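Accompanying notes for the structure given below.
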Amino acid sequence: MSTPLHADATTTLQTWSAPDGDQDALRHAYLAFLAARADATERTCAPGHLTASVVVLSPDAERVLLTRHARVRRWLQLGGHVEPEDEGLAAAAGREAREEGGFDVTVDPVPVDLHCHPIVCRGYTDPTRHLDVRFVAVAPEGARERASEESLDLRWFDVDALPDVPAEVATLVARAVQRAGTTGTTSGTSRLDRREV
1332 MSTPLHADAT
1342 TTLQTWSAPD
1352 GDQDALRHAY
1362 LAFLAARADA
1372 TERTCAPGHL
1382 TASVVVLSPD
1392 AERVLLTRHA
1402 RVRRWLQLGG
1412 HVEPEDEGLA
1422 AAAGREAREE
1432 GGFDVTVDPV
1442 PVDLHCHPIV
1452 CRGYTDPTRH
1462 LDVRFVAVAP
1472 EGARERASEE
1482 SLDLRWFDVD
1492 ALPDVPAEVA
1502 TLVARAVQRA
1512 GTTGTTSGTS
1522 RLDRREV
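FYI, the numbering for the sequence shown is 1332 to 1528, going by our numbering.
Okay, here's the thing in structure tokens:
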């Protein structure tokens, strides 16, 4: 039986217009996985599970907040596992931003990117896959970041001067900035959908 979170993930991906053919192929793969697995959003789903992450941009979309992940030891966007109490994937991304960044964000509920990667989750010895659904968020004016225990460092970077990040993170940041540009920014305040999660 499908949970509300599972249903939200399905609807979110069914209605998403992917930016290119590779992303659309991933979208279809995610939907097939959701159709096959009622537990696709649960971290106990051994073959893999959906996760949610978020690119946090400054209000003018000129800087991005990245975490140097303690386990991966690379600069990455904020994000992680979805939890049963999350209302949906965008809400999970917002919660992760709050937990890992230290403040509430405004999340655009439309995904910007998908990425599937192998990983060994904390508490497990066998590798699984994260089917990550990635969103864009705008930090509130004057937000003060605070690193969590999952982070070696937490820092703002100019979007045109990223640190040594995986290629897929650079692509993700570029897509996030493009999304912010297409929705417009004025007077330092983004007009991305203003649903705080």
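Yeah, the Cβ is synthetic: ideal placement off N, Cα and C, and Gly gets one too.
Quick caveat, the model's predicted, so the values are computed rather than measured.
Looking from the CA of THR1346, the closest CA among PRO1335, HIS1359, THR1334 belongs to HIS1359.
GLY1419 and PRO1440 have their C-alpha atoms some 9 Å from each other.
Annotation: the continuous alpha helix (DSSP H) that includes ALA1422 extends over 1420-1432.
Exclusion of the five residues before and after THR1343 leaves LEU1420 as the residues of its chain whose Cβ lies within less than 6 Å of its Cβ.
As the crow flies, the alpha-carbon of GLY1352 is around 12 Å from that of LEU1445.
Taking a contact as a CB-CB distance under 8 Å, the pair ALA1468 and ALA1505 does not count as one, their CB atoms being some 16 Å apart. Beyond the five residues adjoining it in sequence on each side, VAL1496 comes within less than 6 Å, by CB distance, of TRP1406 in the same chain, given in chain order.
In this structure, the straight-line span from the alpha carbon of ASP1463 to that of GLU1472 is close to 28 Å. Rounded to whole angstroms, the Cβ separation of GLY1410 and ALA1369 is 23 Å, and the two are not in contact under 8 Å. If you compare the alpha carbons of LEU1388, LEU1397, PHE1364, GLY1433 with that of CYS1447, the shortest gap goes to PHE1364. In this structure ASP1489 is exposed. Its beta-carbon is surrounded by fewer than 16 other beta-carbon atoms within 10 angstroms. If you compare the alpha carbons of PRO1415, PRO1378, GLU1414, ASP1491 with that of ILE1450, the shortest gap goes to PRO1378.
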